[in-house]
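Numbering of the sequence shown is given in the numbering used here, commencing with residue 9 and proceeding in unit increments.
Notes to accompany the following structure.
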Amino acid sequence: MNYNFDEIIDRNGTDSVKWDGVEGRWGRKDLIPMWVADMDFRTAPFVIAALKKRLEHEVLGYTFACKKWAESIVGWLRTRHGWTVRPEMLTFTPGIVRGLAFAIHCFTQKGDKAMVMPPVYHPFFLVTQKNEREAVFSPLVLKDGQYQIDFARFRQDVQGCKLLVLSNPHNPGGRVWTKEELTQIADICHESGTLVISDEIHADLTLPPYKHSTFALISEKARMNSLVFMSPSKAFNMPGLASSYVIIENEELRHRFHTYMEASEFNEGHLFAYLSVAAAYSHGTEWLDQVLAYIKENVDFTESYLKEHIPAIRMIRPQASYLIFLDCRELGLNQEELNRLFVEEAHLALNDGATFGKEGEGFMRLNIACPRAILERALKQLEQAVNRNV
Ligand SMILES: Cc1ncc(COP(=O)(O)O)c(C=O)c1O
């Protein structure tokens, strides 16, 4: 079966953060939304079918995690990631950011330190700080067009940190960390007594030929010292269902986290959460491979377009997912001027790079998970804006 990702679907009026949220955020409606990380493609059809089928039974009573929920996760991790887990290693979490917040509460005290590697997905440090923990920033280094880890700096910064919050793969840089990099992270964190929270929400969107490495599979030190968060939400475009899970190999850590979650029933999912995960993982292979091929073509399209028409903006080519960090520093604008160019001149709604930490100044984050015709229109608008203004 061939899925049609070129179809333009009007998402206005669906209470979509990305679309309906534009007016509240920018005070205008005439921007193409290319910010929040969801896709403008139809949610995978087998997920929609499973939800519709359940709705045919018109009693929406209390539910529990169906057997298929755990079975489908176990099957997916085995076939897609080469990871054999047992159902008891899984704990449901109502979203990964909330899962991170629960982990912060469970494993740290107020005033404790948690390390993040900016530029990075902003809730990593915002959730840390708003929960009265200290965020330690250990910046990545942009080298040869990709973000790299300066391990001497990393080793220094991580001392005294209770947690490392790792985006694996990385958002917004799109890096797929190599086994060697992850091994070093595991070794250093084991030495410094820092628990690793590996957020692998973008893992299923790793773009060939890159290969995702699950942190827990890297080494025994990694396996015994990590919580791995995963979800089908990004890959199958169902983040509104707030359905994710954490895998904890270390029995002691697992018991501690599960006990914490259970005490407040935070680990109770809703009816559609369990069903949608089971549907995505039971039927997802072909759809996912096709959406990945489409995203890769959008990445190629963006790269060629920028090179040919807007050479002053360079993109950091993502090795995973559909978010592209645009290096706009050559335009010579300050952050306010850069935002003005994108919004007022190009009529585009992107994420301001500085949101991800001060290392993101001079950058904008572009979401290309949209039909190609929209992407082309957006890039044309950007080209015209740059030509008029710079
Ligand atoms: C690295 C990363 N983690 C977590 C999330 C959000 O996850 P959730 O909606 O499950 O909280 C995102 C969304 O963009 C993300 O990029």
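For every residue, glycine included, the Cβ atom is placed at its ideal position computed from N, Cα and C.
Here the structure is a predicted model, which is why all the values come from computation and not from measurement.
Within this structure, are the beta carbons of residue i and residue j separated by less than 8 Å?
i    : j    : result
D335 : G370 : yes
F223 : T101 : no
L249 : S241 : yes
H220 : A328 : yes
I112 : F162 : no
I376 : V307 : yes
C378 : Y268 : no
E367 : P127 : yes
N395 : L349 : no
M125 : P147 : yes
G35  : D28  : no
K121 : V144 : yes
Alpha helix (DSSP H) containing residue i: first to last residue?
i    : result
C197 : K187 to S200
K315 : T293 to H317
F333 : Careful: F333 lies outside any alpha helix (DSSP H), inside the beta strand (DSSP E) at L331 to D335.
S234 : Unbroken run through S234 is the beta strand (DSSP E), S234 to M238; no alpha helix (DSSP H).
I321 : Run containing I321: none; DSSP gives neither H nor E here.
T25  : Looking at the sequence shown, residue 25 is not Thr but Val. Counting along the chain, the alpha helix (DSSP H) containing V25 begins and ends at V25 to W34.
F100 : Segment L98 to T101 is the beta strand (DSSP E) holding F100; no alpha helix (DSSP H) there.
L346 : Q343 to R348
C114 : I104 to F115
I256 : Note, I256: premise wrong, no alpha helix (DSSP H); not H, not E.
R86  : K75 to H89
K138 : P131 to K138
E64  : P53 to E64
R380 : R380 to N397
Between the options, which lies nearest to residue i when the distance is taken from Cα to Cα?
i    : options                   : result
D48  : E199, V285, W84 and V25   : V25
L358 : P41, N20, F162 and R163   : P41
E257 : K76, A243 and E228        : E228
M123 : T136, C114, L349 and Q117 : T136
V30  : K121, P379 and V351       : V351
Y129 : N306, E311, K60 and E208  : E208
A393 : L339, R141, L150 and F265 : L339
G119 : I196, E142, G32 and S252  : E142
L300 : H210, K151 and G361       : H210
L261 : T116, T92, Q164 and F132  : T116
D212 : A160, I196 and W295       : W295
R88  : P131, T293 and N397       : T293
L356 : R373, E367, P217 and T363 : R373
W91  : G35, R231, Y218 and Q298  : R231
K304 : F145, L331 and F132       : L331
I17  : F133, E367, N397 and R380 : R380
L215 : G21, V254, H178 and I193  : H178
A160 : E189, N176, F244 and V398 : E189
W77  : F133, E270 and S251       : S251
T99  : E259, K315, V398 and I324 : E259
I255 : S239, L134 and V149       : S239
Y218 : L134, E270, R325 and D28  : R325
V285 : G21, K75, E66 and D38     : K75
F309 : H263, Y253, L341 and L383 : L383
F333 : T363, V93 and R106        : T363
With H, G and I counted as helix, E and B as strand and the rest as coil, what does DSSP make of residue i?
i    : result
L148 : coil
R404 : The shown model of the chain, from 9 to 398, leaves out residue 404, and the question about it has no answer.
D48  : coil
Q164 : helix
G17  : What sits at residue 17 in the sequence shown is Ile, not Gly. Correct three-state label for I17: coil.
Y155 : strand
I40  : strand
T71  : coil
T267 : helix
S284 : helix
E273 : coil
L358 : coil
T363 : helix
A328 : strand
So the beta strand (DSSP E) residue i belongs to, where does it begin and stop?
i    : result
A122 : K121 to V124
D207 : L203 to D207
K170 : C169 to S175
Nearest chain C C-beta to residue i closer than 8 Å, yes or no?
i    : result
E208 : In the structure shown, chain C does not exist; there is a single protein chain.
When you measure from the CB of residue i to every non-hydrogen atom of ligand 2, does any distance come out below 7 Å?
i   : result
G32 : Among the ligands modelled here, namely ligand 1, ligand 2 does not occur.
Worksheet item: Looking at C-beta atoms only, is the number of pairs between the stretch 170–178 and the stretch 196–204 that lie closer than 8 Å three or more?
Response: yes
Worksheet item: Taking one C-beta from the stretch 274–284 and one from the stretch 58–76 each time, how about it: are there three or more such pairs within less than 8 Å?
Response: yes
Worksheet entry | Given 8 Å, three or more beta-carbon pairs between the stretch 77–94 and the stretch 286–299 | yes
Worksheet item: For the stretch 157–171 against the stretch 311–323, are there 3 or more C-beta pairs whose distance is under 8 Å?
Response: no
Worksheet item: Any chance the stretch 375–391 sits against the stretch 153–161, with 3 or more Cβ pairs inside 8 Å?
Response: no
Worksheet item: How do the stretch 267–275 and the stretch 183–199 stand: do at least 3 beta-carbon pairs fall below 8 Å, yes or no?
Response: no
Worksheet item: For the stretch 11–23 against the stretch 47–61, are there 3 or more C-beta pairs whose distance is under 8 Å?
Response: yes
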